[in-house]
Structure formats: C-alpha cells, structure tokens
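Counting from 1, position 74 in the sequence shown corresponds to residue 74 in our numbering; the numbering is continuous, with no gaps. Don't be surprised by glycine CBs; every beta carbon is placed ideally from N, CA and C. Shown next, in structure tokens, is the structure this report addresses.
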Amino acid sequence: MGSACSGELNDSNQELLAVDKAEAAQPQLKGTAVSTNTLCEVFRQCDANNDNFVTRIELIKACKSHPEIAQMLGIPENLRDSARAQFEQVYQALDADSDRKVSLDELRAYFVRAGFQVTDD
C-alpha cells in the first residue's frame, strides 16, 4: 500500500465509512479485521488539506467531527484535560517517525501493531 489512497472521496466512499462503523466499534479486540479500504477512508476523513499527511490539528478535528474515527483509534471524543494526554499517546504511537505528521503507511502500521488484521478487501 502506498502513502496515498487512490480516487476521490465521494458519496459511495462516505457510505463505506458509515458501513464500517461496526468495524470501528470494536477497537480493543486483537485479531479484529480492518480493511485497507476502511483505513483509506479514515485517512481521507482526517487529511483535511489532502497533502497525504495527518497533523495533530487535523486528527483532533476529525475525531470531533467523526466520533467513529475517535473510537476506532481509541481516542476519547471529548479531548479535555486527562483525555488530551491519551490523545497525545495515540498520536505519538501513530507518528512512528516523529515527524509531526502521520502518513497512511503509519496509520496502517499502527493498526498492525495494535493486533488488527489488515485485509485488502
């Protein structure tokens, strides 16, 4: 998988993300399957400026706008006080190379490290 998702985000992609909320609802289960398509859609939802990277600010905004993304990543929806520390832990784990931005490959690697089965369907 490359560092960018192919294709534009459209209504059918939005429906895919909505359908995959069930997938997102069980982030704590090791071995849970998550599709590459779902990861691509999550990444697209987070990458507000379409530069193929997700910054802290973009991720915060995405988690506020899309609670299913926050849930999928194990981030509290309300990022106040102690929840902010939890967000920072997740963001640092996502940003494996510490360059202050998350690539699609880093997002995928995060899910693999967390024990998810990333599938190509």
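Where does the unbroken alpha helix (DSSP H) through residue i begin, and where does it stop?
i, result
"residue 85", "82–94"
"residue 103", "That residue, residue 103, is in no alpha helix (DSSP H); it is neither H nor E in DSSP."
"residue 62", "56–65"
"residue 36", "36–46"
Would a C-beta distance cut-off of 8 angstroms place residue i and residue j closer than the cut-off?
i, j, result
"residue 75", "residue 87", "yes"
"residue 102", "residue 111", "no"
"residue 46", "residue 34", "no"
"residue 58", "residue 48", "yes"
"residue 104", "residue 50", "no"
"residue 56", "residue 91", "yes"
"residue 79", "residue 60", "yes"
"residue 36", "residue 116", "no"
With a threshold of 8 angstroms on Cβ separation, who are the neighbours of residue i within its own chain once the five nearest residues in sequence on each side are excluded?
i, result
"residue 67", "77"
"residue 43", "5, 54, 104 and 107"
For residue i, collect the residues of the same chain with a Cβ closer than 7 angstroms to its Cβ; drop the 5 residues on either side in sequence, then sort them by chain order.
i, result
"residue 93", "110"
Expressed to the nearest angstrom, what Euclidean distance is found between the alpha-carbon atoms of residue i and residue j?
i, j, result
"residue 85", "residue 121", "34 angstroms"
"residue 83", "residue 63", "12 angstroms"
Over the uninterrupted beta strand (DSSP E) stretch that includes residue i, give me the two end residues.
i, result
"residue 32", "Looking at the DSSP string, residue 32 is not in any beta strand (DSSP E), and its letter there is neither H nor E."
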